[in-house]
Amino acid sequence: AHTEADAHPRSNFPYTQAACRGGETSALAHLQSYLTPPWPDRYKQSRNALQGQHTSSHWSPWLATGAVSARRIWAQLQAYEQQHGSNDGTYWLWFELLWRDNFRMLHLQHGPQLYAARGLSNLPKPSHFPKDFARWCSGQTGEPIVDAGMRELAATGFTSNRMRQIVASFLVHDLSCDWRAGAAWFESQLVDFDVQSNQGNWLYVSGRGTDPRVGRRFNPAKQTQDHDPQGRYRQVWLA
121 AHTEADAHPR
131 SNFPYTQAAC
141 RGGETSALAH
151 LQSYLTPPWP
161 DRYKQSRNAL
171 QGQHTSSHWS
181 PWLATGAVSA
191 RRIWAQLQAY
201 EQQHGSNDGT
211 YWLWFELLWR
221 DNFRMLHLQH
231 GPQLYAARGL
241 SNLPKPSHFP
251 KDFARWCSGQ
261 TGEPIVDAGM
271 RELAATGFTS
281 NRMRQIVASF
291 LVHDLSCDWR
301 AGAAWFESQL
311 VDFDVQSNQG
321 NWLYVSGRGT
331 DPRVGRRFNP
341 AKQTQDHDPQ
351 GRYRQVWLA
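Remember, the working numbering sits 120 above the position in the sequence shown when you count from 1.
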């Protein structure tokens, strides 16, 4: 059992605090709070930030539990655009809702095949190295940006979408481990776990989904320079 005292002070989604608790009341309050200028307008510029409670919408935990629907959010987003105007930020919020729906469509189309070792690809079955996987889970790989992300995930049950892509890529493409093990670890850790989005994103990163290009390797050095050039994120989670 968790109490408010358990919430990490630098959590991106402090779920034990009142504003982030589950249920429709909190979901609708957060929806109204985020759909207030300037947050939606800044979404495209801020969505890849590694820290900050208003850098992204943070709708996923309530969407995952059914406390709010994608259709409700879409309707409120349209109302926001009618009042304040549309822009790249509001477009990308809508686009991410579509991306979420795309993963649901894939499950209707392909079902269990999305959970097979090869996924939807003709690639060979993935290799796996249990010791490397354990180091990844515990944030002990030796790659600072990856270790910071994995420690944040373990401590808070949450991490940014950008960080999820970075650590997933590292497991699959740098450690040559089984993508399904990574998907299962995320399932065990995330407070916003959503089976369709989780499976779909891991297939995408591993190159075993619908995208014909092989894999999605994120260069850790480039990601660090692009998203944590001053080391503030690493300082929080590696201290």
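The C-beta atom is built at its ideal place from N, Cα and C for all residues, glycine as well.
Close Cβ partners of residue i (< 7 Å) along its chain, the five nearest in sequence each way excluded
| i | result |
| --- | --- |
| R220 | A190 and S317 |
| P157 | H204 |
| E124 | Here E124 scores only 44 on pLDDT, less than 50, and its place in the model should not be relied on; the value that follows carries that caveat. These residues qualify, in order along the chain: T136 and Q137. |
| Y353 | L170, Q171 and A268 |
| W305 | C257 |
| H122 | Note that H122 scores a pLDDT of 42, beneath 50, so its modelled location is shaky and nothing firm can be said. |
| S289 | V325, R336, R337 and F338 |
Nearest-angstrom Cβ-Cβ length linking residue i and residue j, presumed shorter than 8 Å
| i | j | result |
| --- | --- | --- |
| T365 | A184 | Within the shown structure, residues of the chain are numbered from 121 to 359, placing residue 365 beyond reach of any answer. |
| C297 | D252 | 6 Å |
| M283 | G269 | 4 Å |
| I193 | W179 | 6 Å |
| F249 | L218 | With 8 Å as the limit, F249 and L218 do not qualify as a contact, their Cβ atoms being about 36 Å apart. |
Close-in-space but distant-in-sequence residues of the same chain around residue i (CB under 8 Å, 5 per side omitted)
| i | result |
| --- | --- |
| Y235 | R300 and Q319 |
| D331 | Y324 |
| A149 | A139 |
| F133 | C140, Q173, H178, P181, T276, G277, F278, V311 and D312 |
6 Å CB neighbourhood of residue i in its chain, flanking five on each side removed
| i | result |
| --- | --- |
| S131 | T276 |
| T344 | I265 |
| H128 | A275 and T276 |
| D314 | A184 |
| S166 | T175 |
| Y154 | S177 |
7 Å Cβ cutoff met for residue i and residue j
| i | j | result |
| --- | --- | --- |
| E272 | W357 | yes |
| K164 | G209 | yes |
| W182 | A139 | no |
| A199 | E144 | no |
| Q196 | L151 | yes |
| L291 | W256 | yes |
| N207 | D161 | yes |
| R328 | G239 | yes |
Any C-beta of chain D under 7 Å from that of residue i
| i | result |
| --- | --- |
| R162 | As a matter of chain content, chain D is missing from the structure shown, which is built from one protein chain. |
- [ ] Say whether the region 301-312 touches the region 274-281, bearing in mind that this needs 3 or more beta-carbon pairs closer than 8 Å, one atom from each stretch.
- [x] yes
- [ ] Decide yes or no for the touch test of the region 337-355 against the region 229-247: beta carbon pairs closer than 8 Å, at least 3 of them.
- [x] no
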